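First up is the structure itself, then whatever we jot down about it.
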Amino acid sequence: ILQGSPALDYLVERREDLRHTYDALFPKLSEAFPRELPPEKCRWEDYSWAAAVIDTRSWATEAGCDVASLVPCCDMLNHHASAQGMVKRYSAEEGAATVEL
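First residue of the sequence shown: 167, per my numbering; consecutive thereafter.
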């Protein structure tokens with residue numbers, strides 16, 4: 167479906183970059199932290215799924231640097247192609263995020 171599209175080239179390159187990063191991290195991290203990162207939970211499939219979640223569900227934050235936030239349910243607010251949502255503030259004490267749409 168993407169044959170001939172620049173999106174296909176981007177996806178192939180992104181997947182190769184992800185795989186390169188994964189191969190650089192694992193199994194070294196699992197060996198160093200077997201309890202926290204057991205090998206059976208750190209498979210390529212799990213890593214690529216987590217990267218896809220972050221790529222498609224994270225929001226920009228106003229934290230003085232480029233930081234992505236995963237805010238439960240807020241990804242549903244940002245479905246329109248021109249939506250420009252931003253997490254304006256997060257309070258760990260309150261356990262709440264303020265979102266500007």
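Heads up, the beta-carbon is just placed ideally off N, CA and C, and yes, glycines get one too.
The model shown is predicted, which means the values in this text are computed figures rather than measured ones.
The alpha-carbon of residue 190 is positioned some 31 Å away from that of residue 170.
In the three-state reduction of the DSSP assignment, residue 235 falls in the strand class. Straight through space, the alpha carbons of residue 183 and residue 175 are spaced by roughly 12 Å.
Under the criterion of beta carbons closer than 8 Å, residue 234 and residue 225 qualify as touching, at roughly 7 Å. Residue 172: member of the alpha helix (DSSP H) spanning 172-191, first to last residue.
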